[in-house]
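Under this note's numbering, residues 17 to 326 are what the sequence shown spells out, in order. What follows is a short report on a single structure.
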Amino acid sequence: MPSQHDPAVTLAVAIVSYRDKDNLAACLDSVIKTAGVPSIKIIVFDNNSKDGTVEMVRSTFPQVTLIESPANVGLTKGLNACIRSARADYILALDSDTIVTNGAIASLTAFMQAHPDMGAVGGRLYYLNGTLQETARTFPTISNAIFGRHTFLGRLFPNHPSRIRYLMAKFQNSEEWFEADYVSAACLLTTKAAWQAIGGFDENFFVYWCDADFCFRIRRAGYKIACVPEARVFHCEQFHPGRKKSHRMIVDFHRGAYRFYTKSYFAWRSHPMRLIAWLGLTARMRWLLMLNACKSGHSLRAEQNSVNVM
């Protein structure tokens, strides 16, 4: 495949934003200050935020390419739009609520350049308090709905074999890169060629589980996936235990899980496991919606102000 690389652009950073002005400003500032890449293009796709995001980007970051959507079309459509417009060989998908540390982007880019068999690589993600997020994982099974990262039983039994396998616990303290089944789209570096080879992100996912699906298809196409621990990124993840979530967030998470599970493992529409998965995920979703209604809101402002990326 002939390269579409613009000699003046070695890397494009794709960021999708929705009503996240303050986080986005911090994210852009960290990318610009710490990238360490000879030439970089930053593209922000705004999902009709109406919170001053567009004005902030235009006035504070004039070097950023801004794509304005007339409606909230979700993460996958926004990422695909950014990547289609990017004339670069390397693409970094980055959440608007991330803060990259010094050299993280350069480390990911150098690693990808040195390993052409890789289709996607991710950095090591941390909560703002420094706790590891465990976002480099194996592909999930049904048991992960019970012993997953944020489930009650998963937190009650952190050493359950299913949880340890899924979250790749043996690599938590690794300082060397390691292969994974998938890495989080909060910080995912891929190539334009790999993205084109699999048809981009599946736009039937709104936000959640699009990264698992993307990496599943990347691996099926013959590429490898890796995590590079030296690329450290702070992530103000909204789907955090104990924090109140939006109704839409919880519903989308479970819809995405169902789509990934059935699309990847049970594409046959009459397969009985599709019904079992639907019943189980629907019951879990309704339970979480009920619990979520009892939680109070939680501000991240104090946590964000405590992060030093330099």
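All C-beta atoms, glycine included, are put in the ideal place defined by N, C-alpha and C. All values derive from a computational prediction rather than experimental measurement.
Asked                                                                                                                     : Found
Reduced DSSP category for Glu195 - H, G, I as helix; E, B as strand; rest coil                                            : strand
For Ser33: DSSP bridge partner residues                                                                                   : Asp62
Rounded straight-line distance, which links the Cα of Asp229 to that of Met326                                            : For Met326, the predicted structure reports a pLDDT of 33, less than 50, and the residue's modelled location is therefore unreliable. A value from the coordinates is still provided. Rounded to the nearest angstrom, the two C-alpha atoms are 33 Å apart.
Candidates Ser65, Ala51 and Phe282, of which the one nearest Leu40 by Cα                                                  : Ser65
Cβ shell of Leu141 (< 7 Å), same chain only, five flanking positions each side left out                                   : Gln149, Thr151, Ser200, Ala202, Cys203, Val249 and His251
Three-state class that DSSP yields for Tyr143 in the structure shown                                                      : coil
Cβ-based burial, Leu307 [other Cβ within 10 Å; buried from 16]                                                            : exposed
Check whether Val29 and Asn63 have beta carbons under 8 Å apart                                                           : no
Nearest candidate by alpha-carbon position, reference Phe187, set Cys243, Asn220, Phe173 and Thr207                       : Cys243
Extent of the continuous alpha helix (DSSP H) to which Ala97 belongs                                                      : Leu91 to Ser101
Neighbourhood of Thr92 by C-beta distance below 6 Å, restricted to the same chain and skipping five residues each side    : Phe217, Glu219, Phe221 and Cys226
Contact under 8 Å by Cβ, Ile121 with Val53                                                                                : yes
Which of helix, strand or coil DSSP assigns to Ile56                                                                      : strand
Endpoints, alpha helix (DSSP H) assigned at Phe269                                                                        : His263 to Tyr281
Proximal residues to Glu192 (C-beta, below 8 Å), its chain only, five neighbours per side dropped                         : Pro245
Cut-off 6 Å between Cβ atoms - residues of its own chain near Phe14, not counting five sequence neighbours on either side : What the structure shows of the chain is the stretch from 17 to 326, and residue 14 is not part of that stretch, so it cannot be assessed.
Gln20 to Ala104 span [Cα, whole Å]                                                                                        : Caution applies to Gln20, whose pLDDT of 45 falls short of 50 and renders its modelled position unreliable; the model cannot decide the point.
Three-state secondary structure (DSSP) of Ile180                                                                          : helix
Where Glu71 falls, given that 16 or more other Cβ within 10 Å makes a residue buried                                      : exposed
Under the three-state DSSP convention, the category Met306 falls into                                                     : helix
When Tyr277, Arg302 and Trp303 are compared against Leu291, the one with the closest alpha-carbon                         : Tyr277
Segments of 3+ residues assigned as beta strand (DSSP E) that fall wholly inside the segment 111–144                      : 114–116 and 134–142
In DSSP terms, what Ala242 is bridged to                                                                                  : Val137 and Glu195
Extent of the continuous alpha helix (DSSP H) run through Glu71                                                           : Thr69 to Thr76
Reference Pro78; option with closest CA among His263, His287, Asp67 and Val60                                             : Val60
Phe230 in three-state terms, based on DSSP                                                                                : helix
Beta carbon proximity, His251 to chain D, threshold 8 Å                                                                   : Protein chains in the displayed structure number just one, and chain D is not present.
Local conformation of Cys203 per DSSP, three classes                                                                      : strand
Euclidean distance between Cα positions of Leu304 and Gly94                                                               : 28 Å
Closest Cα partner of Ala299 within the set Trp284, Val267, Tyr281 and Thr69                                              : Val267
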